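Engineer: Here it is: the structure, laid out below.
In my numbering, the protein residues as written are 27 to 600.
Set out below in structure tokens:
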């Protein structure tokens, strides 16, 4: 407290002096001084050794100087598309033409209806009609009409697909291969085929390699010929019902694929009334039933970086037609990829049993009579081989040959027992068939497309001199050219040589070989040219010229084809 008082007095004195006034203070005070004392702690020895500090250095990474050189890459032109090209679900084609040989009018109508882009559903319809209302000069009525209707649908799922199809075909024609000087009832020349059927299929496609995938399918078809004009003879026409059941399964284990097929094909063909006669004693009714069951296990393997592929197995077939017979056909195929698929040589051995039906025969020759016997085509052995590949990214080729022994091959010959020679019957024979074939394809984007096929076939039959109405040499040329996406040109050229027909009497151009009368059908040359003009993506016009060489050749004996034809019309997309 004394110290505080002295401090206060000193400050006060300074302040007073700052005010330029003099003051004198007199007083008594006691000053206390602390006594001195000695340091009491004991002395200690200080160690002179100084500990060294441990310095830690971090591990420094080694760095090497590198030089990076960037190569220049040419810029890629990319066209930006704001949206996908618009699709139209309806396509209509309407036209009319004429045949200069008959002078008849040929109306044409075609409609396509289809689903647009959809990942899951597929459906659509196709309707087409073509007819000709003209007659060949010097021949009987040759008019015809063809109408087709097809409905289809399907479902695409991640693990399976479903497909279904319904069809109806109506075809009317005349057996015009007779001179118009022969008096004959018009109804006897008429023929009309009705074809109705459906099919359904299921296929799994699981991606897991350890899963068994399989497919199932059923098919039914009804095919009928023309009903006779008299109601009491309504049963005297060809009627056929066919039913097929198809199944297959496959399983991948490592590099091998184990597969098997099990199929059942049944066909029932009936003409007239059993054990009865229609026109004469030879024209009797009959019923034929035909069942084919086959089991086909196979193993497919590949190695050498998938360049070498091989398939082996067998096809066990039971033919229950008149008698039940069993056939075993080999299934062997080997192919090897050379130079990154530039050349692929292949060789194989196979066989099979083809079910002959009334529908299949009329599909090849529509001028058949209705009461025909049906035999299955038995291909005992078929050895084939060749080489295929690509010459460039635009051109591919295939060169091959085959040799087959075929029993009960169907040959079409002129019928003189049930007709006046204007219908065809079927005879069966055993034949060795040797074929050499070459093909070449070229495609430049969507601008140019071209195909060329040359095939030579040699037939060696047991009971006949030739394979009647079958050519030895075939040349097929096809091509299309797109000019600025405005004009589309199409060209088809078919050439055939070596076709011969069996006749039953000597005549002009008829030779006799092995006690058979043979007539050459000459050289066949058929060229078709078409041009389409696209006004815009939705509307176009077309013109089609068929048989531009105007060659009136005989496709079948005494059945000349229509010569030069012209068809023109328009198309719409809706």
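The beta-carbon is built from N, C-alpha and C at its ideal position, and this holds for glycine as well. Keep in mind that this is a model prediction, so the values were computed, not measured.
Give me the Cβ distance between residue 455 and residue 428, rounded to the nearest whole Å; I'm assuming they're in contact under 8 Å.
Structural biologist: Counting from one through the chain shown, the residue named residue 455 turns up at place 429. Counting from one through the chain shown, the residue named residue 428 turns up at place 402. Not really, about 19 Å apart at Cβ, beyond 8 Å.
Engineer: Assuming residue 196 and residue 173 make a contact with CB atoms under 8 Å, what is their CB distance in whole Å?
Structural biologist: Reading the chain shown from its first residue, position 170 is the one you call residue 196. Reading the chain shown from its first residue, position 147 is the one you call residue 173. Their Cβ separation, rounded to whole angstroms, is 5 Å, which keeps residue 196 and residue 173 in contact under 8 Å.
Engineer: In the DSSP assignment, find the beta strand (DSSP E) that holds residue 160 and state where it starts and stops.
Structural biologist: Here residue 160 corresponds to residue number 134 of the chain shown, with the count starting at 1. Segment: none, residue 160 is in no beta strand (DSSP E) and carries neither H nor E.
Engineer: Would the beta-carbon of residue 427 be found less than 8 Å away from any heavy atom of the ligand COA?
Structural biologist: Summarising the ligand content, the structure contains no ligands, and the ligand COA is consequently not present.
Engineer: Would the beta-carbon of residue 375 fall within 9 Å of that of residue 405?
Structural biologist: Within the chain shown, numbered from 1, the residue matching residue 375 stands at position 349. Within the chain shown, numbered from 1, the residue matching residue 405 stands at position 379. Taking 9 Å as the Cβ cut-off, residue 375 and residue 405 do not qualify as a contacting pair.
Engineer: Do you know how far the Cα of residue 285 is from the Cα of residue 425?
Structural biologist: Counting from 1 along the chain shown, the entry for residue 425 is found at position 399. Counting from 1 along the chain shown, the entry for residue 285 is found at position 259. Spanning the two alpha carbons is a distance of roughly 29 Å.
Engineer: Can you tell me which of the three DSSP states residue 534 falls into?
Structural biologist: Position 508 of the chain shown, counting from 1, holds the residue named residue 534. Reduced to three states, the DSSP call for residue 534 is coil.
Engineer: Classify residue 603 as buried or exposed, calling it buried when 16 or more other Cβ atoms lie within 10 Å of its own Cβ.
Structural biologist: Residue 603 falls outside the range modelled here, since the chain spans only 27 to 600, and no answer is possible.
Engineer: What did DSSP end up calling residue 390 once you bin it into helix, strand or coil?
Structural biologist: In the chain shown, residue 390 corresponds to position 364, counting from 1. DSSP places residue 390 in helix when its eight states are reduced to three.
Engineer: Have a look at the DSSP bridge pairing and note the partners of residue 209.
Structural biologist: By 1-based counting over the chain shown, the position of residue 209 is 183. Note: residue 209 sits in no beta bridge, so no partner.
Engineer: Residue 356 lies in the beta strand (DSSP E); which residues open and close that run?
Structural biologist: Looking up residue 356 in the chain shown gives position 330. Counting along the chain, the beta strand (DSSP E) containing residue 356 begins and ends at 350 to 362.
Engineer: To which residues of the same chain is residue 594 closer than 8 Å at the C-beta, ignoring the five residues directly before and after it?
Structural biologist: Taking the chain shown and counting its residues from 1, the one referred to as residue 594 is at position 568. If we look at residue 594 and ignore the five residues flanking it on each side, its Cβ neighbours are 121, 122, 123, 567, 568, 569 and 570.
Engineer: If we ignore side chains and look at the alpha-carbon of each, how far apart do residue 213 and residue 451 end up?
Structural biologist: Looking up residue 213 in the chain shown gives position 187. Looking up residue 451 in the chain shown gives position 425. Going by the C-alpha atoms only, they are around 20 Å apart.
Engineer: Give the single residue among 394, 381, 322 and 327 whose Cα lies nearest to the Cα of residue 216.
Structural biologist: Within the chain shown, residue 216 is the residue found at index 190, counting from 1. Here the closest residue by C-alpha is 394.
Engineer: Would you mind giving the Cβ-Cβ distance between residue 252 and residue 278, rounded to the nearest angstrom? I have them listed as a contact below 8 Å.
Structural biologist: Taking the chain shown and counting its residues from 1, the one referred to as residue 252 is at position 226. Taking the chain shown and counting its residues from 1, the one referred to as residue 278 is at position 252. Residue 252 to residue 278, Cβ: 51 Å. No contact.
Engineer: By Cβ distance, which residues of its chain are closer than 8 Å to residue 401, with the 5 residues on each side in sequence left out?
Structural biologist: The count along the chain shown starts at 1 and reaches residue 401 at position 375. Excluding sequence neighbours, residue 401 sits near 347, 382, 434, 436 and 454.
Engineer: Could you tell me which residues DSSP pairs with residue 467 in its beta bridges?
Structural biologist: Along the chain shown, one-based indexing puts residue 467 at 441. Answer by DSSP bridge pairing, in chain order: 422 and 477.
Engineer: How would you label residue 263, buried or exposed, when you count the other beta carbons within 10 angstroms and need 16 or more for buried?
Structural biologist: If you number the chain shown from 1, residue 263 lands on position 237. Answer is buried; the Cβ neighbour count reaches 16.
Engineer: Are the stretch 132 to 150 and the stretch 182 to 194 touching by the rule of at least three beta carbon pairs closer than 8 Å?
Structural biologist: Flag = yes, the stretch 132 to 150 and the stretch 182 to 194 touch.
Engineer: Taking the CB atoms as reference points, tell me whether residue 507 and residue 473 lie closer together than 9 Å.
Structural biologist: The residue you call residue 507 lines up with position 481 of the chain shown. The residue you call residue 473 lines up with position 447 of the chain shown. Taking 9 Å as the Cβ cut-off, residue 507 and residue 473 qualify as a contacting pair.
Engineer: Following the continuous beta strand (DSSP E) through residue 231, name the residue where it begins and the one where it ends.
Structural biologist: Reading the chain shown from its first residue, position 205 is the one you call residue 231. Taken as a continuous stretch (DSSP letters only), residue 231 belongs to no beta strand (DSSP E), as it is neither H nor E.
Engineer: Give the DSSP bridge partners of residue 323, in chain order.
Structural biologist: On the chain shown, position 297 is the one that residue 323 refers to. 286.
Engineer: Under a Cβ-count criterion, where at least 16 other Cβ atoms within 10 Å of its own Cβ denotes burial, should residue 1 be classed as buried or exposed?
Structural biologist: Limits of the chain in this structure are 27 at one end and 600 at the other, which puts residue 1 out of reach.
Engineer: What does the Cβ neighbour count give for residue 131, buried or exposed, with the cut at 16 atoms within 10 Å?
Structural biologist: The count along the chain shown starts at 1 and reaches residue 131 at position 105. So residue 131 ends up on the exposed side.
Engineer: So which of 233, 199, 160 and 177 has the shortest CA-CA distance to residue 186?
Structural biologist: Taking the first residue of the chain shown as 1, we reach residue 186 at position 160. For the residues 233, 199, 160 and 177, the minimum Cα distance to residue 186 belongs to 233.
Engineer: Considering only the alpha carbon of each residue, which of 439, 128 and 416 lies closest to residue 543?
Structural biologist: Sequence index remark: in the chain shown, residue 543 carries index 517 (1-based). Considering only alpha carbons, the answer is 439.
Engineer: Could you give the DSSP three-state label for residue 592: helix, strand or coil?
Structural biologist: What you label residue 592 is simply residue 566 of the chain shown in a count that begins at 1. Residue 592 falls in the strand class under three-state DSSP.
Engineer: Tell me the DSSP secondary structure of residue 81 in three-state form.
Structural biologist: Position 55 of the chain shown, counted from the start, is the residue given in the question as residue 81. Because the pLDDT at residue 81 is just 49, under 50, the model does not fix this residue reliably, and the point stays unresolved.
Engineer: In whole angstroms, give me the CA-to-CA distance for residue 352 and residue 273.
Structural biologist: Walking along the chain shown from the start, residue 352 turns up at place 326. Walking along the chain shown from the start, residue 273 turns up at place 247. Those two C-alpha atoms are separated by around 20 Å.
Engineer: CA-CA distance, residue 505 and residue 590?
Structural biologist: The count along the chain shown starts at 1 and reaches residue 505 at position 479. The count along the chain shown starts at 1 and reaches residue 590 at position 564. Going from the Cα of residue 505 to the Cα of residue 590 covers about 20 Å.
Engineer: Taking the alpha-carbon of residue 457 as reference, which of 503, 470 and 403 has the nearest alpha-carbon?
Structural biologist: Residue numbering aside, residue 457 sits at position 431 when the chain shown is read from its first letter. Residue 403 is the option with its Cα nearest to residue 457.
Engineer: Could you check which residue in 416, 565, 488 and 563 has the C-alpha nearest to that of residue 431?
Structural biologist: Along the chain shown, read from residue 1 onward, the residue named residue 431 stands at position 405. It is 488 whose Cα lies nearest to the Cα of residue 431.
Engineer: Residues bridged to residue 428 by DSSP?
Structural biologist: Residue mapping note: residue 428 aligns to position 402 of the chain shown, counting from 1. Partner(s): 410 and 461.
Engineer: Can you check which of these residues, 344, 207 and 491, is closest to residue 164 by C-alpha distance?
Structural biologist: Start at 1 with the first residue of the chain shown, and residue 164 comes out as number 138. Of the listed residues, the one whose Cα sits closest to residue 164 is 207.
Engineer: According to DSSP, is residue 215 part of a helix, a strand, or is it coil?
Structural biologist: Counted from its first residue, the chain shown places residue 215 at position 189. Residue 215 falls in the helix class under three-state DSSP.
Engineer: Kindly indicate the opening and closing residues of the beta strand (DSSP E) around residue 180.
Structural biologist: Locating residue 180 in the chain shown gives position 154, where the first residue counts as 1. That run of the beta strand (DSSP E) goes 170 to 182.
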